[in-house]
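For the sequence shown, numbering that gives the first Met the number 0 begins at 0 and goes up steadily by one.
The block underneath contains the structure these notes are about, expressed in structure tokens.
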Amino acid sequence: MEQRIPRILLAGTSSGCGKTTVCCALLQAFVNRRLKTGAFKCGPDYIDPMFHSRIIGTVSANLDLFFFQENTLRFLLAKNGADCDISVVEGAMGFYDGMGISSVRGSSYEISKVTQTPVILVVNARGASMSILPVIQGFLDFLPDNHIAGVLLNKCSATTYLVLAKAIEEHFQGSVRPLGYLPVMPDCALESRHLGLITANEVVDLKDKLTRLAIQAEKTIRIDEILELAKNTAPLGYEHVPLPQYEPVRIAYADDEAFCFQYADSLDALRQMGAQLIPFSPLRGSKLPDGVHGLYLCGGYPELYARMLSDNETMRTSIRAALERGLPCIAECGGFMYLTEAIGVYPMVGFLPGRCFDTGKLTRFGYVTLRAQKDNLLCGEGDSIPAHEFHHWDCTLPGSDFRAEKSSGKEWMCSVATKTLYAGFPHIHFYANPKFAACFYDACRKEKHRYD
């Protein structure tokens, strides 16, 4: 099957070069032109897609070659980019940076190859002039089939850009072309915290910042040329990834400032199977929604809202009672922390033993493969799924029902898993192993008919 998906991939020379700022500027400019716009993020990041979604008004999806087989990744790009005038894929880290220090596996480069997507390289030009040419040359020469077609200069003055654009055209003779620049815009900077950028909902005057970025992009970025580059992209080939179809069930999922790390396609997989997804707020709701057959507690920043979560005793009591009755539940990272006895000094749901504490640094960071040590809610003993960890907090009792394995050979035990529960620090994606989603759904069906 082939589908025409007009698309570009914004790649960076390194983390911090301005990819997200440039991406947001372009997305807002496309939306202002009333173009139907799709957005994607390479890798497992949750926060950048939140910014994308705020701009385009619909979901932004993740493309990850550790989570997905190549066909699945192309399928998700086609599914979410269908009928869009342009789809923008934001890269992760530097263009060639992969899952390990010495590997390009899973990198934005590899994703551009798998999807045949033209690449626009974002180069931080602050404090440099002609030195950016050998930087560009190095990226072009490092590996073949890199699809680099254009360059955008970030933090560049108008005067400097005129000189550098001419130099790029003359030196590269059309093999890569200058596509504009953004100047230094301190009033539009996006702030960071320990897990990356602060979330889109927390940015003061975000809409105003996006408006100014888009106005600047219209002035200094060659948007028409970028649209033409995307339009002339080769059709995307893929095979449909089927999901089983079931009777409807009702699944409640946490969705507020404390719990916001959700993969849009994971939630959509449950919908495709037949689920009605019901959002609720552990921060502000009084109890779980009525008549639900399953519960999904995603990750986020519960440590920042620990006092408020703890003060909401009726919600904590409601969730604990539901879990004690055997309600099927997936709780990832922050969701897992919420189910323990406490986050710092603040009491939590208390369904699971252990207390969560701040380690002051990233703990067990990166991709892992989870291997089940016994039959459980999601899978059978010995089954595996790709996963990802990224957290500063730990727990005195993190679980031991899965073994986490890194490519480096490092291993550790993690997660609590029973016939009705998966709870642990690793994040999973249902399209990485749809059988896990089917097992969770089946448990929700059994819960629905428990009292028949």
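Just so it is clear, CB atoms sit at the ideal spot from N, CA and C, and this is done for glycine as well.
Thinking residue i and residue j are a contact (beta carbons under 8 Å), I'd like their distance in whole angstroms, please.
i: ASN396; j: GLY353; result: For clarity, residue 396 is Leu in the given sequence; the question names Asn instead. Right, the Cβ-Cβ distance comes to about 3 Å (below 8 Å), so this counts as a contact.
i: PHE452; j: ALA251; result: No answer is possible for residue 452: the residues shown for the chain start at 0 and end at 451.
i: PHE94; j: LEU76; result: Actually they do not touch by this definition, with Cβ atoms about 18 Å apart.
i: GLY470; j: LEU34; result: Given a span of 0 to 451 for the chain in the structure shown, any question on residue 470 remains unanswerable.
i: PRO433; j: LEU242; result: 6 Å
i: VAL122; j: ILE131; result: 5 Å
i: GLU238; j: ASN70; result: 5 Å
i: LEU209; j: ILE54; result: 6 Å
Bridge partners of residue i, per DSSP?
i: MET412; result: ARG402
i: TYR295; result: TYR252, ILE329
i: ALA341; result: PRO346, ARG354
i: ASP393; result: PHE356
i: VAL58; result: Bridge partners of VAL58: none, in fact.
i: GLY15; result: DSSP lists no partner for GLY15.
i: VAL118; result: LEU8, ILE147
i: ALA38; result: VAL87
i: GLY365; result: GLU388
i: LEU235; result: GLN2
i: TYR421; result: ILE329, ALA416
i: ILE318; result: Looking at the DSSP assignment, ILE318 forms no beta bridge with any residue, so it has no partner.
i: HIS170; result: The partner list for HIS170 (beta bridge, DSSP) is empty, contrary to what the question assumes.
Go ahead and pull the three-state DSSP assignment for residue i.
i: GLU323; result: helix
i: LEU75; result: helix
i: ALA257; result: coil
i: ILE222; result: helix
i: SER86; result: strand
i: PRO48; result: helix
i: ALA436; result: helix
i: GLY149; result: strand
i: GLY290; result: coil
i: LYS230; result: helix
i: PRO278; result: strand
i: GLN271; result: helix
i: ILE100; result: coil
i: ASN31; result: helix
i: TYR180; result: strand
i: ARG370; result: strand
i: SER130; result: coil
i: ASN70; result: helix
i: ARG192; result: Any reading at ARG192 must be qualified, since the residue scores a pLDDT of 43, below 50, and its modelled position is unreliable; no value is offered.
Please find out if some non-hydrogen atom of the ligand PLP comes closer than 7 Å to the beta-carbon of residue i.
i: SER309; result: Judged by which ligands are present, the structure shown has none, so any question about the ligand PLP falls away.
Please state if the CB of residue j and the CB of residue i are separated by a distance shorter than 8 Å.
i: GLY429; j: ALA268; result: The sequence given here has Phe at residue 429, not Gly. Yes. Within cutoff.
i: ASN375; j: THR339; result: no
i: ASN61; j: LYS40; result: yes
i: LEU452; j: LEU276; result: Here the chain comprises residues numbered 0 to 451, so residue 452 is not present and cannot be evaluated.
i: ALA422; j: LEU351; result: yes
i: GLY298; j: PHE260; result: yes
i: GLU246; j: LEU326; result: no
i: GLU1; j: GLY334; result: no
i: GLU388; j: PRO425; result: yes
i: GLY463; j: GLY11; result: Any question about residue 463 goes unanswered here, given that the chain covers just 0 to 451.
i: CYS139; j: VAL175; result: Here residue 139 is Leu; the residue named in the question, Cys, does not match the sequence. Going by C-beta atoms, LEU139 is nearer than 8 Å to VAL175.
i: THR362; j: HIS390; result: yes
Figure out for me which residue from the options has the closest Cα to the Cα of residue i.
i: THR36; options: ASN153, GLN27, ALA330; result: GLN27
i: GLY284; options: VAL240, ALA257, GLY293, GLY273; result: ALA257
i: PHE171; options: GLY137, ASP382, ASN153; result: GLY137
i: ASP186; options: ASN31, ARG211, TYR160; result: ARG211
i: PRO177; options: ASP207, THR219, MET184; result: THR219
i: VAL248; options: ALA233, GLN271, LYS230; result: GLN271
i: TYR300; options: ILE329, ALA253, ARG32; result: ALA253
i: ASP382; options: TYR366, GLY365, ASP400; result: ASP400
i: ILE85; options: CYS22, TYR450, LEU163; result: CYS22
i: ASP96; options: ILE214, TYR450, LEU64; result: LEU64
i: CYS413; options: VAL344, ASP357, GLU331, ALA431; result: GLU331
i: ALA157; options: ASP204, GLN115, GLN215; result: GLN215
i: ARG324; options: SER309, HIS292, ALA341, MET336; result: HIS292
i: SER317; options: ALA341, PRO281, SER102, ARG306; result: PRO281
i: PHE67; options: ARG104, GLY80, PHE50; result: ARG104
i: ASN31; options: ILE342, GLY408, VAL344, LYS206; result: LYS206
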